[in-house]
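Asks: Handing you this structure, nothing more for now.
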């Protein structure tokens, strides 16, 4: 067969021909000359000129067909004819700017939410950090992406795999920055990094220097700081002399040694810091930043420290994996029980971490993604309906093109190309709008630069193209097939409106069904939020005040001093008039904070552990149960000075002992630092974590049961007047304890208010999506009604001539539209019943089959459909029988 | 239109290309010339829609068997002239021998069946 060279030469000729724009013209010229010569020859042979003309054409055959085939010979027919279709389509669409604009807008609206979701997911999960030679850089963790590494583990991995990879570590915390002569201290996000961090990532300073290993030596690093460029611009007005200056962080002096460029946004894993860090500090300055800070001590602690590394030249990823894996096995053997079995995980930083999508995050994304695609589906159905109507209006054009030799495939392609132009324009518009909204929303309320970027990249481009192709097929295929089916005769005669009408009705059915599902979901969320305030919270939150000192460790308190501080604060608050009692709680109920552990019965030990139960726990003072009025069901509260005594919730008691009495039973908590407890009392269940979660197993134990500080603890005060009236008095009590501290004081009910507000904004977001779906469906219904008026003008004219009145004509049109709406409602109701079950965990004391929500959504959709079809139907009332009949 | 339709024969598939190549061995020709040449030499027996010549000419150009350029005809009209390339000449040789074998085989089959 052909040699390679010949084939290549053929391609060169093809490509050259593609650029020869005169191809068509030349071919036409050639054929025209052929016909002319043939005609002349026939005339010379004695034929009548007119007959010769005809005979020449007959001998030649259909020139259009041969032109197409000649083009096909070059194999670029598809490209060339696609370009022609594109041009033709664009001209056609521009001839109907209003309709085309409406279609583009519909697609843009329908795609907007989906586009925003993709941009957000892309920014958070898919984009890799902007660093040089990123493909050499890896992430390392222990198999649990969110847990991070302990410092000693990091050091061991670093040293044992040193031949393959240079590891660096980083974490984050808030520090209080005080600048000389700049007024009040400001809290700023700090990156706490190993000495080699910037070198490993290849970040060069724009002023001064970055850290070296010597800045970060245990047990105490040098008090030096590197600033981020945007922070430097914000706070120091880009003054280069800042290098060498001293700034106060958590009341300790640090020397600024350099500035790193704004292009470095950090290497936090997805879901990490949302804003770029302003200040960077060496790891071993942690003891300076907070006395008693044990972040770097022990293998069981984790504070979310992450590790990154750069592969040494010539070392493959697999070799590094092997070395790190071996180090993990050794660590497990040398330090058993200090962590969950180490399964070191490393991956190029440019790769997407798919583990993050397992579990609730992935489920939520799939859920929200599906909803947004449904909205796009509704929009597509609308557009398909519009294109279908236009296709029937173009039956003449199609018939003419077919009689000129255009094949069926050709016509389908033409329609799909038009659909593609429209959907590309629509998707682009939707993407741009989504980008703009996200950018504005993310920046609102903060001038700090985001650590993530929503800017469109290759992935966004690819996704947009895929989405546009999908929409083009969804909107263009049915009209295209329908149009290509129109035969020459039928097209020239006008008609086939009936089949098209049926298809459009099918679109309405699907639109209404999808829309109903979204509306029911919206109605459920809205109704459940209304229910939320009525939920019994068991304790009198309006008469409970929470007083929390803000970040005591930053103010130089170690654990022992902090514990004393809390005790003094409790006494001081108790002494305030109108306060009937004060207690300690860590974490506080309704604060949004939670501590959890695994709990198992102690007596079931026959070499094997009893099965564990995941419980939430709170460390409280004995007075807590009285102050919070949490009803004791059985037993007693724990005594002061008995750290192993615990009180359990009803659910926990039932979960572990069934109907038997747990009083006096022994429990073991924790995986690593095991502690033994004895149950002394049972209290009622209360929705401390969330109003949605009534029966979570809960464990209360004494504040002195652990040496750990009361980091996020609060003093709770029971007030005789409404708690909100005592905020100032409580703050004054705090100031008497330590005037340097600031205190967060709020009624306990504010946590509940916050939760309801958050749920309300979520349900309003759902309502926005549902509202958009409704709007799009109504546009579709209205368009179908309008088409019905046009198609049935004649029939309406006859009826009116026979005595029907205008309202009858309107009713006729409205009725014909409501049939598909009704079918859609039935389908949608069943669909909603199946789908809304996934919402049950989001609802406040409301069944996911709540009849009121279903009925409300159905009634709303019926009413809206009536209005949507009535508006165009009014035109039917204006039909003049004489004109309608004359049109025949 | 004195000729009867039934006197005409459709071309065997694939033979049009060969006929074009063969026609061009006589020299440079434009499309009409090739059509006329085939028509006359076959005593108007071979029936081909004249237009189908043009896709075939493009096909042969893609293969590199013929080349074309624009020139002026005797009565000074602009026309595209086709000529055989060396590769086309080789191809024609192969096609001819293949075709002869085919015709020879068919003839033998037909003769034996009759005898």
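Chains as they are written, first to last, in the numbering used here: chain A, 12 to 899; chain B, -11 to 103.
Heads up, the beta-carbon is just placed ideally off N, CA and C, and yes, glycines get one too.
So is residue 71/A in contact with chain B if we call contact Cβ pairs under 8 Å?
Replies: Translated into the one-based positions of the first chain, residue 71/A becomes position 60. It does: the Cβ of residue 71/A has a partner Cβ on chain B nearer than 8 Å.
Asks: Where do the ends of the beta strand (DSSP E) carrying residue 568/A lie?
Replies: Indexing the first chain from 1 puts residue 568/A at position 557. Per DSSP, residue 568/A belongs to no beta strand (DSSP E) and is neither H nor E.
Asks: Using DSSP with H/G/I as helix, E/B as strand and the rest coil, what is residue 58/A?
Replies: Start at 1 with the first residue of the first chain, and residue 58/A comes out as number 47. In the structure shown, residue 58/A sits in coil (DSSP, three-state: anything other than H, G, I, E or B).
Asks: What does residue 67/B reach in chain A if we use C-beta pairs closer than 7 Å?
Replies: Against the second chain, residue 67/B aligns to sequence position 79. Near residue 67/B (Cβ distances below 7 Å), the residues of chain A are 44.
Asks: Note down the Cα distance separating residue 428/A from residue 65/A, rounded to an integer number of angstroms.
Replies: Counting from one through the first chain, the residue named residue 428/A turns up at place 417. Counting from one through the first chain, the residue named residue 65/A turns up at place 54. Each residue's Cα considered, the two are about 36 Å apart.
Asks: Pick from 171/A, 894/A and 693/A: whose alpha carbon is nearest that of residue 912/A?
Replies: Outside the shown range of chain A (12 to 899) lies residue 912/A, about which nothing can therefore be said.
Asks: Could you check the C-alpha separation between residue 150/A and residue 209/A for me, to the nearest Å?
Replies: The sequence position of residue 150/A within the first chain is 139, counting from 1. The sequence position of residue 209/A within the first chain is 198, counting from 1. The alpha-carbon atoms of residue 150/A and residue 209/A are separated by roughly 15 Å.
Asks: With 8 Å as the threshold, decide whether the Cβ of residue 14/B is near any Cβ in chain A.
Replies: Working through the second chain from its first residue, we reach residue 14/B at position 26. Not closer than 8 Å to any Cβ of chain A, the Cβ of residue 14/B fails to qualify, so no.
Asks: Which residues, in chain order, does the segment 45 to 59 of chain B contribute to contact with chain A at a C-beta distance below 9 Å?
Replies: Answer in chain order: 45, 46, 47, 48, 49, 50, 51, 52 and 58.
Asks: Run down chain B in chain order and give the residues with a C-beta less than 7 Å from the C-beta of residue 81/A.
Replies: The residue given as residue 81/A occupies position 70 in the first chain. Those are 42, 43 and 46, listed as they occur along chain B.
Asks: Is the segment 59 to 79 of chain B touching the segment 97 to 110 of chain A, taking contact as three or more C-beta pairs under 8 Å?
Replies: Touching, no.
Asks: Using a Cβ cut-off of 9 Å, pull out every chain B residue sitting near residue 37/A, in sequence order please.
Replies: Here residue 37/A corresponds to residue number 26 of the first chain, with the count starting at 1. Near residue 37/A (Cβ distances below 9 Å), the residues of chain B are 58 and 68.
Asks: In chain B, which residues lie with their C-beta within 9 Å of the C-beta of residue 49/A?
Replies: The count along the first chain starts at 1 and reaches residue 49/A at position 38. Within 9 Å Cβ-Cβ: 20, 23, 24 and 38.
Asks: Restricting to Cα atoms, I'd like to know which of 356/A, 518/A, 448/A and 80/A is closest to residue 396/A.
Replies: As a first step, residue 396/A must be located in the first chain, where it is residue number 385. The shortest Cα separation from residue 396/A among 356/A, 518/A, 448/A and 80/A belongs to 518/A.
Asks: Say whether chain B places a C-beta atom closer than 8 Å to the C-beta of residue 19/A.
Replies: Working through the first chain from its first residue, we reach residue 19/A at position 8. Output row for residue 19/A: interface = no.
Asks: For residue 771/A, collect the residues of the same chain with a Cβ closer than 7 Å to its Cβ; drop the 5 residues on either side in sequence, then sort them by chain order.
Replies: If you number the first chain from 1, residue 771/A lands on position 760. 540.
Asks: Tell me the start and end of each unbroken beta strand (DSSP E) in the segment 648 to 689 of chain A that is at least 3 residues and wholly inside, in chain order.
Replies: Here the runs fully enclosed are 656 to 660 and 677 to 680.
Asks: Among the residues of its own chain, which have a CB less than 6 Å from the CB of residue 326/A, if the five just before and after it don't count?
Replies: Counted from its first residue, the first chain places residue 326/A at position 315. Closer than 6 Å at Cβ, skipping near neighbours: 175.
Asks: For the segment 182 to 191 of chain A against the segment 249 to 269 of chain A, are there 3 or more C-beta pairs whose distance is under 8 Å?
Replies: Output reads yes: the segment 249 to 269 of chain A touches the segment 182 to 191 of chain A.
Asks: List the whole-angstrom C-beta distance separating residue 384/A from residue 125/A, where the pair is believed to meet the contact cut-off of C-beta under 8 Å.
Replies: Within the first chain, the letter at position 373 stands for residue 384/A. Within the first chain, the letter at position 114 stands for residue 125/A. With 8 Å as the limit, residue 384/A and residue 125/A qualify as a contact, their Cβ atoms being about 6 Å apart.
Asks: Can you pull the DSSP bridge partners for residue 597/A?
Replies: Within the first chain, the letter at position 586 stands for residue 597/A. The partner list for residue 597/A (beta bridge, DSSP) reads 630/A.
Asks: Quick check on residue 231/A: does DSSP put it in helix, strand or coil?
Replies: Within the first chain, numbered from 1, the residue matching residue 231/A stands at position 220. Of the three classes helix, strand and coil, the one that applies to residue 231/A here is coil, per DSSP.
Asks: Can you tell me whether residue 506/A is helix, strand or coil according to DSSP?
Replies: Counting from one through the first chain, the residue named residue 506/A turns up at place 495. Reliability of the predicted coordinates at residue 506/A is poor, the pLDDT of 46 falling under 50, and no value is obtained from them.
Asks: Whose C-beta lies closer than 6 Å to the C-beta of residue 222/A among residues of the same chain, with five residues either side of it excluded?
Replies: Counting from one through the first chain, the residue named residue 222/A turns up at place 211. The answer, listed in chain order, is 206 and 293.
Asks: Which bits of chain B does residue 74/A rub up against, with CB to CB less than 9 Å?
Replies: Against the first chain, residue 74/A aligns to sequence position 63. Neighbours of residue 74/A on chain B, chain order: 39 and 42.
Asks: Hey, is the segment 523 to 535 of chain A in contact with the segment 871 to 891 of chain A, meaning 3+ C-beta pairs nearer than 8 Å?
Replies: As far as the Cβ criterion goes, the segment 523 to 535 of chain A touches the segment 871 to 891 of chain A, which means the pair count is three or higher.
Asks: How far does the alpha helix (DSSP H) with residue 811/A in it reach, from first residue to last?
Replies: By one-based count along the first chain, residue 811/A stands at place 800. Run containing residue 811/A: 804 to 812, per the alpha helix (DSSP H) assignment.
Asks: Residues in the same chain with beta-carbon distance under 7 Å from residue 952/A, minus the five sequence neighbours each way, listed in chain order, please.
Replies: Because chain A in this structure spans residues 12 to 899, residue 952/A falls outside the shown range and cannot be described.
Asks: Taking C-beta pairs closer than 7 Å, name the residues in chain B that residue 84/A reaches, listed in chain order.
Replies: Locating residue 84/A in the first chain gives position 73, where the first residue counts as 1. Under the 7 Å cutoff, chain B gives 43, 46, 47 and 50.
Asks: If you reduce the DSSP assignment to three classes, tell me which class residue 819/A lands in.
Replies: Position 808 of the first chain, counted from the first residue, corresponds to residue 819/A. Helix.
Asks: Measuring only the C-alpha atoms, how far is residue 745/A from residue 752/A?
Replies: One-based indexing of the first chain puts residue 745/A at position 734. One-based indexing of the first chain puts residue 752/A at position 741. Cα to Cα, residue 745/A sits roughly 8 Å from residue 752/A.
Asks: Are there 16 or more other CB atoms within 10 angstroms of the CB of residue 583/A, so buried, or fewer, so exposed?
Replies: By 1-based counting over the first chain, the position of residue 583/A is 572. Result: buried.
Asks: Count the other CB atoms within 10 Å of the CB of residue 95/B; is the residue buried (16 or more) or exposed (fewer)?
Replies: The residue labelled residue 95/B in the question sits at position 107 within the second chain. With fewer than 16 Cβ atoms within 10 Å of its Cβ, residue 95/B is classed as exposed.
Asks: Are residue 712/A and residue 836/A closer than 8 Å when you measure CB to CB?
Replies: By one-based count along the first chain, residue 712/A stands at place 701. By one-based count along the first chain, residue 836/A stands at place 825. No, these two residues do not count as a Cβ contact at 8 Å.
Asks: Alpha carbon to alpha carbon, what distance is there between residue 69/B and residue 75/B?
Replies: Residue numbering aside, residue 75/B sits at position 87 when the second chain is read from its first letter. Residue numbering aside, residue 69/B sits at position 81 when the second chain is read from its first letter. Cα to Cα, residue 75/B sits roughly 18 Å from residue 69/B.
Asks: So what does residue 266/A bridge to, in DSSP terms?
Replies: Position 255 of the first chain, counted from the first residue, corresponds to residue 266/A. Looking at the DSSP assignment, residue 266/A forms a beta bridge with 235/A and 257/A.
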